[in-house]
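First residue of the sequence shown? That's 68 in this note's numbering, and the numbers climb one at a time after it. Each residue gets a CB set at the ideal place from its N, CA and C atoms; glycine is no exception. Let me begin by presenting the structure, written as structure tokens, before commenting on it.
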Amino acid sequence: MKKLKVLLGAIALIASMAFVSCGQPTGNNGLVSGGAEETTEIVVFDPATYTGNAGEVVEVSGEKYLKVTPDGYNTWIALPEALNLKGKTTAECKVFAEAGQSKLSDCQFFVSLMDNNSESPAKIYEVGTYKPLPTAPTAVTASHFVETQWNKASDTDVCVAVQPVVQDAENGYAAVSNIVVYFGKITVK
68 MKKLKVLLGA IALIASMAFV SCGQPTGNNG LVSGGAEETT EIVVFDPATY TGNAGEVVEV
128 SGEKYLKVTP DGYNTWIALP EALNLKGKTT AECKVFAEAG QSKLSDCQFF VSLMDNNSES
188 PAKIYEVGTY KPLPTAPTAV TASHFVETQW NKASDTDVCV AVQPVVQDAE NGYAAVSNIV
248 VYFGKITVK
């Protein structure tokens, strides 16, 4: 009987450790010691630390932004490490377009937070703004992405990349490749 209690206790301990660690972020990606969820945000992308070549890091009013001309749906920015966003409900960043471009009144701009499904990447969040595109930094928020007829929603919530996209709302929401846009630090909470 005593051996059975010890064995059941060991099984319960192993099961609880697997439950706590399964699918949860590691390090400071949203957990504090003891496994309690933090109320603080996770930084998904920060232009201040970006060293890639998808665009140019610029400073506007004391804040860093990535200045980029998305190439239709082909611009992807890989994150340095995968981030588990499970349990987070809101994504935020600031976006705007360079002034003086034609079609600003007809376009929308968003940055999608994409998951790690290599067969068919899916969206976790789509943070952006709709027409007309603002020409000054504008804070935008988004809730978790809901699946649509044309875009799959993530079921893993493990973010590996961000994808900036500009679409022409007056032309069937076709992705365009000639609009210069900016986006700042992306956070989720």
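* **C-beta contact flag for Phe176 and Val213 at 8 Å** => no
* Is Ser210 helix, strand or coil when you go by DSSP? -> DSSP places Ser210 in strand when its eight states are reduced to three.
* Please look up how many angstroms separate the CB atoms of Gly251 and Lys161, rounded, as I've assumed it's under 8 Å. => 4 Å
* Asked: Below 8 Å between beta carbons: does that hold for Ile109 and Leu171?
  -> no
* **Cα-Cα separation, Lys190 to Ala121** => 20 Å
* To do: Return the chain-ordered ranges of every beta strand (DSSP E) run that is complete within the stretch 155–188 and spans a minimum of 3 residues.
  => 157–164 and 174–182
* **Exposure label - Tyr140; buried when at least 16 CB within 10 Å** => Residue environment: Tyr140 is assigned as exposed (fewer than 16 neighbouring CB atoms within 10 Å of its CB, all protein chains considered).
* Asked: With 16 as the cutoff for other CB atoms within 10 Å, does Gly195 come out buried or exposed?
  -> buried
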